[in-house]
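In my numbering, the protein residues as written are 24 to 185. The structure appears below as structure tokens.
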Amino acid sequence: MHKYVISVLVENKAGVLSRVSGLFSRRGYNIDSLTVCETSNPLESRMTIVVKGDEHSLDQIHKQLSKLVEVKSIKKVERVASVQRELGLFKVKATGESRSSLLSICDIYKAHIVDVSLDSLIIEITGNEEKVDSLQNIIEPFGILEYVKTGLTALDRGSEVM
Numbered sequence: 024m025h026k027y028v029i030s031v032l033v034e035n036k037a038g039v040l041s042r043v044s045g046l047f048s049r050r051g052y053n054i055d056s057l058t059v060c061e062t063s064n065p066l067e068s069r070m071t072i073v074v075k076g077d078e079h080s081l082d083q084i085h086k087q088l089s090k091l092v093e094v095k096s097i098k099k100v101e102r103v104a105s106v107q108r109e110l111g112l113f114k115v116k117a118t119g120e121s122r123s124s125l126l127s128i129c130d131i132y133k134a135h136i137v138d139v140s141l142d143s144l145i146i147e148i149t150g151n152e153e154k155v156d157s158l159q160n161i162i163e164p165f166g167i168l169e170y171v172k173t174g175l176t177a178l179d180r181g182s183e184v185m
């Protein structure tokens, strides 16, 4: 199974997200991540959808999405021809010596400490999935109390627009 990133330009109206996600569940496709945001045109939103499957599954998803009236365009985002990013927030146990170690790790990863309490830190990192996952693996031994990730978002390189 391959991971595919699909960029979908849709009308910015109530219920569109529900119809798109419902289409996936009705067809038995799982969404690994989904990010949605209004574009520079307030009448449109861009959805970045990450799914796992094969080329046949991707083709079926494309055909089903094309049937939705609110969908304006659909594009498979190629990894080498795009910029892909994810945001992660990690609440980590941090007392005494572990604080200085965590600060050093954050410097290496160009991550930021966005909140400090007596016994924990919240670390923010932005980057490709591998970078976010790598930081998570490195700080795991310190004790991750909670974490959240935004899911992947992506834009094609170059001056062409969707």
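Where a beta carbon is used, it is the ideal one built from N, C-alpha and C, also for glycine.
The beta carbons of isoleucine 128 and isoleucine 162 sit about 6 Å from each other, so the pair counts as a contact at 8 Å. For threonine 118, the number of other beta carbons within 10 angstroms of its own is below 16, and it is reported as exposed.
Secondary-structure assignment with DSSP links threonine 149 through a beta bridge to Leu110. Non-local beta-carbon contacts of alanine 104 in its own chain, meaning distances under 7 Å to residues more than five positions away in sequence, involve Asp179 and Arg180 in chain order. When the alpha-carbon of valine 94 is set against those of Thr58, Val39 and Ile29, the nearest one is in Val39. Isoleucine 131 has its alpha-carbon roughly 37 Å from the corresponding atom of isoleucine 97.
Comparing alpha-carbon positions, the option among Arg50, Leu112, Lys116 and Arg69 lying closest to valine 59 turns out to be Arg69.
At a Cβ-Cβ threshold of 8 Å, glutamate 109 and lysine 26 do not count as neighbours. The shortest C-alpha to C-alpha distance from asparagine 151 to any of Phe165, Pro164, Lys133 and Ile145 is the one to Lys133.
The three-state reading of DSSP puts valine 139 in strand, counting E and B together.
For lysine 86, the enclosing alpha helix (DSSP H) has its first and last residue at 78-89.
Under the 10 Å beta carbon count, serine 143 is surrounded by 16 or more other beta carbons and is classified as buried. Taking 8 Å as the cut-off, the Cβ atoms of isoleucine 72 and leucine 91 do not count as close. In this structure, Gly76 is the residue among Ala37, Leu125 and Gly76 with its C-alpha nearest to the C-alpha of glycine 51.
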